[in-house]
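Each step along the sequence shown adds one to the number in the UniProt record's numbering, with nothing skipped, and position 220 is 220. Below you'll find the structure, written out as structure tokens, and then a few comments.
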Amino acid sequence: MAPHLVQPGWRFWRQAACTLGASVQHRTWAGVSRIPRLGSPWGATATSPRVYRSGFSTSPRAPEVMLTRERYPVRRLPFSVVSGEDLAAFERIVPGRVITDPEVLEASNVDWLRTVRGSSVLLLRPRTTEEVSHILRHCHERNLAVNPQGGNTGMVGGSVPVFDEIILSTALMNQVISFHDMSGTLVCQAGCVLEDLSRHVEERGFVMPLDLGAKGSCHIGGNVATNAGGLRFLRYGSLHGTVLGLEVVLADGTVLNCLSTLRKDNTGYDLKQLFIGSEGTLGVITAVSILCPPKPRAVSVAFLSCPGFSEVLQTFSTCKGLLGEILSAYEFMDAECMWLVTHHLRLASPVQDPSRFIPDQHTGRRYHVAESVCASEPVDPESPFYVLIETSGSRAGHDAEKLNDFLEQVLSSGLVTDGTVATDHMKVKGMGTCTST
């Protein structure tokens with residue numbers, strides 16, 4: 001009898017698909033005895049840095065990444081090996097987009113953190129759902145393993161092969177299909193970059209319900225496949241609530257069209273929910289219909305220092321009670337994270353320049369730094385915790401009044417020792433970079 005092997009999510013969909021798979025045993029990750037969560041085959045996460053990521057570091061000093069199959073006790077399942085006939089078949093399906101160049105494949109074989117590395121010899125770049133269907137049908141018939149890949153921005157190694165799986169990239173599936181200005185419904189292909197979609201809908205007075213640090217590279221299909229939460233989760237909830245429909249190709253090439261644009265649809269089974277967060281275990285997402293909320297007219301960000309973690313929690317509770325409907329984000333970081341941000345990314349801490357004081361335009365109280373800061377004494381650079389609070393609404397004066405009342409209460413109660421408030425767009429964006437890194 002064959003030994004029982006643990007099958008994690010990062011490889012399970014391939015086995016379930018009857019075309020893909022690899023089983024792994026419990027293993028040691030970087031010297032620590034635990035099982036890594038090598039999650040999404042799409043590689044999109046809510047806490048990744050706000051940078052444009054390539055698949056791997058181009059630094060000449062970067063050490064070569066050891067092959068995953070050599071680092072961990074994994075065993076390749078009995079899938080077929082790509083043959084010349086397979087290459088010819090794929091060339092007929094996606095002419096000119098069958099990549100076998102090892103230098104090009106390197107970026108898709110290595111994860112962004114350079115911790116895991118596959119040995120795929122083939123990268124396919126379809127442009128349409130029909131091409132994805134033909135590819136998966138051929139792989140299903142030939143028993144070939146496939147690794148779907150989006151922006152390859154994930155930090156858990158789930159977006160790259162373990163062995164020689166065929167890499168199926170959605171990078172060229174990047175077309176916006178439609179956008180309805182009245183309902184705010186966006187329909188697009190799965191390979192659209194999140195930041196491009198944000199720019200597209202903002203020009204029309206809307207915002208994406210999802211915002212991630214890796215938005216410059218991550219794909220919307222990967223966001224949906226991982227049910228990414230992101231920085232706006234507090235305001236708009238998970239993608240289970242904002243995704244209206246999906247188009248998915250199953251492992252045998254069957255196209256499942258659930259690409260509804262109705263916000264309220266009580267007919268039949270809500271099949272799309274099975275694929276949101278399934279991490280590719282049930283099929284490859286090729287198109288998404290998502291509801292975009294109206295763009296807020298007034299956005300403010302407060303970056304605050306807290307003396308302890310209990311104060312972070314109490315500040316959050318106070319925040320929900322006093323800011324209510326305008327609260328759109330609440331993030332926290334500890335002093336070590338702040339040190340890493342300021343020293344390695346060369347970003348200035350928002351609460352470490354108490355030299356400039358200006359009066360608040362609404363209350364007349366004097367604040368310092370950015371546009372307003374909540375303390376009158378120099379900042380303690382050793383503050384153990386920091387929180388970022390974002391508010392968004394339709395009336396700047398109303399929102400500023402609520403935010404000032406909140407700040408006055410948390411300062412007087414000792415929950416917050418110092419902080420910075422910004423309403424200017426560039427300063428808001430800059431302060432947000434600290435926690436989205």
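The beta carbon of each residue, even a glycine, is placed where N, CA and C say it ideally should be.
Check                                                                                                                               : Outcome
Where the beta strand (DSSP E) through cysteine 139 begins and ends                                                                 : First-last for cysteine 139: 129 to 142, but that is the alpha helix (DSSP H), not the beta strand (DSSP E).
CB contact flag (leucine 256, isoleucine 220, <8 angstroms)                                                                         : no
Three CB pairs or more closer than 8 angstroms across the segment 81 to 99 and the segment 212 to 231                               : no
The segment 133 to 141 / the segment 177 to 195 touching (three or more Cβ pairs under 8 angstroms)                                 : no
Three-state class that DSSP yields for arginine 356 in the structure shown                                                          : Since pLDDT at arginine 356 reaches only 34, below the 50 mark, its modelled position is unreliable, and the value read off the structure follows with that caveat. Arginine 356: coil per DSSP, three-state reduction.
Collapsed DSSP secondary structure at aspartate 418 in the structure displayed                                                      : strand
Alpha-carbon spacing of residue 438 relative to leucine 322, whole angstroms                                                        : Summary: the structure shown does not reach residue 438, with the chain confined to residues 1 through 437, and so no result is reported for it.
Beta bridge counterpart(s) of proline 148 as assigned by DSSP                                                                       : Leu168
Whole-angstrom distance between tyrosine 386 and alanine 145, CA atom to CA atom                                                    : 45 angstroms
Residue environment, glycine 237, which counts as buried when at least 16 other CB atoms sit within 10 Å                            : exposed
Which residues DSSP lists as bridging phenylalanine 303, in chain order                                                             : Leu388 and Thr420
Option nearest threonine 100 by Cα separation, candidates His134, Ile167, Thr153 and Pro126                                         : Ile167
Helix, strand or coil at glycine 324 according to DSSP, with G and I counted as helix                                               : helix
Neighbourhood of serine 278 by C-beta distance below 7 angstroms, restricted to the same chain and skipping five residues each side : Ala225
Burial state of residue 494, where buried means 16 or more other Cβ atoms lie within 10 Å                                           : With the chain covering only 1 through 437, there is no way to say anything about residue 494.
Reduced DSSP category for phenylalanine 309 - H, G, I as helix; E, B as strand; rest coil                                           : helix
Leucine 105 - DSSP class collapsed to helix/strand/coil                                                                             : helix
Neighbour-count burial assignment, arginine 34, 16 or more Cβ in a 10 Å radius                                                      : With a pLDDT of only 29 at arginine 34, under 50, the local geometry of the prediction cannot be trusted, and the value read off the model is given with reservation. The residue in question, arginine 34, is exposed, as its Cβ has fewer than 16 Cβ neighbours within 10 Å.
Reduced DSSP secondary structure (H/G/I, E/B, other) of phenylalanine 79                                                            : coil
Rounded separation between cysteine 218 and leucine 231 - CA only                                                                   : 14 angstroms
Three-way DSSP call (helix, strand, coil) for leucine 256 in this model                                                             : strand
Serine 413 classed as buried or exposed, judged by whether at least 16 other C-beta atoms fall within 10 angstroms                  : exposed
Extent of the continuous alpha helix (DSSP H) to which phenylalanine 406 belongs                                                    : 396 to 412
Of the residues Asn223, Ser317, Arg263 and Met155, the one placed nearest valine 110, counting alpha carbons only                   : Met155
Nonlocal neighbours in the same chain, by C-beta distance under 8 angstroms from glutamate 311, ignoring five residues either side  : Phe385, Gly414, Leu415 and Val416
Through-space distance from glutamate 131 to glycine 118, alpha-carbon basis                                                        : 24 angstroms
Straight-line gap, aspartate 418 to asparagine 223 (C-alpha atoms, nearest Å)                                                       : 35 angstroms
Glycine 84 - containing alpha helix (DSSP H), residue span                                                                          : 84 to 93
The segment 176 to 187 contacting the segment 264 to 273, beta-carbon criterion three pairs below 8 angstroms                       : no
Sequence-distant residues of its chain with Cβ nearer than 7 angstroms to cysteine 292 (five each side left out)                    : Gly184, Leu186, Val201, Phe206, Val207, Met208 and Pro209
Counterpart residues of glutamine 189 in DSSP-defined beta bridges                                                                  : Ala287
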